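Sequential numbering of the sequence shown, starting at 60, is according to the working numbering.
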Amino acid sequence: MDIRNITAADLPALLALNNAEAERVNALTPEALEGLLSRAFAARMVADGSGFLIAFDHATPPQGPNHAWFTARESYFAYIDRVVVAPAARGRGVARALYEDLAAIARAEQTHLLTCEVNLDPPNPESLAFHEKLGFAACGEAVDRRNGKRVQYLRKPI
Numbered sequence: 060m061d062i063r064n065i066t067a068a069d070l071p072a073l074l075a076l077n078n079a080e081a082e083r084v085n086a087l088t089p090e091a092l093e094g095l096l097s098r099a100f101a102a103r104m105v106a107d108g109s110g111f112l113i114a115f116d117h118a119t120p121p122q123g124p125n126h127a128w129f130t131a132r133e134s135y136f137a138y139i140d141r142v143v144v145a146p147a148a149r150g151r152g153v154a155r156a157l158y159e160d161l162a163a164i165a166r167a168e169q170t171h172l173l174t175c176e177v178n179l180d181p182p183n184p185e186s187l188a189f190h191e192k193l194g195f196a197a198c199g200e201a202v203d204r205r206n207g208k209r210v211q212y213l214r215k216p217i
């Protein structure tokens, strides 16, 4: 699977893909997406546009309460802010490939921990099962005061 950096030309299609999955990853404006990308540790996508991932790291100033939760508890990490896969591409290894790509980037930077959060309310059982298969373990929970979503924090040494 060909994975590459996100470019400005990709933004309209990725914004549409993101916002189609807003219940799971929160909707973005074009400006908000550009802001995330400007601060990202890694901003990667499958070349065919079927999925993308945006991650921050320990050196990125906190990008909301979920990233801040990890910055208060971990020294070195890569935090997966969002991973979105087009419905037609699900079950084909897109998310796994994006996570493996991020892990390789993180290891190259001497960062040996991946972190993220998954919604518990509203429930996202598919994402919880996916992360469990990849070896992520629960390490905390919180309610995001911005939107009322209850999340579970996950971590995986790499």
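Where a beta carbon is used, it is the ideal one built from N, C-alpha and C, also for glycine.
If you're wondering where the values come from, they're calculated on a predicted model, not measured in any experiment.
Distance between beta carbons of residue j and residue i, contact taken as under 8 Å
i: ARG103; j: LEU70; result: Contact flag wrong, Cβ pair sits at about 14 Å.
i: PHE100; j: VAL143; result: Not quite, the Cβ-Cβ distance comes to about 17 Å (not below 8 Å), so this is no contact.
i: ALA106; j: ARG63; result: 6 Å
i: GLY108; j: ALA72; result: 5 Å
i: LEU87; j: LEU74; result: 6 Å
i: LYS215; j: LEU187; result: LYS215 to LEU187, Cβ: 13 Å. No contact.
Start-to-end residues for the beta strand (DSSP E) that takes in residue i
i: TYR138; result: 137–144
i: LYS215; result: 209–216
i: ARG63; result: 62–64
i: ALA101; result: 101–105
i: THR170; result: First-last for THR170: undefined, no H or E at that position.
i: GLY199; result: 196–202
i: GLN110; result: Gln is not the amino acid found at residue 110; the sequence shown has Gly there. Counting along the chain, the beta strand (DSSP E) containing GLY110 begins and ends at 110–116.
Residue i to residue j span [Cα, whole Å]
i: VAL210; j: VAL202; result: 6 Å
i: SER134; j: HIS117; result: 7 Å
i: ALA165; j: ALA147; result: 28 Å
i: ARG205; j: ALA196; result: 25 Å
i: ILE217; j: GLU159; result: 10 Å
i: ALA163; j: LEU213; result: 19 Å
i: CYS198; j: ARG132; result: 10 Å
i: ARG98; j: ARG83; result: 21 Å
i: TRP128; j: THR119; result: 13 Å
i: THR130; j: ALA167; result: 20 Å
Cutoff 6 Å; reference residue i; Cβ partners in own chain excluding five residues on either side
i: GLN122; result: PHE115
i: ASP180; result: ARG209
i: GLY94; result: none
Extent of the continuous alpha helix (DSSP H) to which residue i belongs
i: PHE189; result: 184–192
i: PRO124; result: 124–130
i: PRO89; result: 89–98
i: ILE164; result: 153–167
i: ALA81; result: 81–84
Contacts around residue i, its chain only, beta-carbon distance under 8 Å, and the 5 residues preceding and following it disregarded
i: LEU161; result: ALA101, ARG103, LEU112, ALA114, ALA137, ILE139, LEU173
i: LEU92; result: LEU70, LEU73, LEU74, ASN77
i: PRO124; result: ALA201, ASP203, ARG204, ARG205
Chain-order list of residues whose beta-carbon lies under 7 Å from that of residue i (same chain, five-residue window excluded)
i: PHE189; result: ALA154
i: ILE65; result: LEU73, LEU96, ALA102, ARG103, MET104, PHE111
- Message: Is it the case that the segment 172–186 contacts the segment 124–140, given that we only count it when at least three CB pairs across the two stretches are under 8 Å?
- Response: yes
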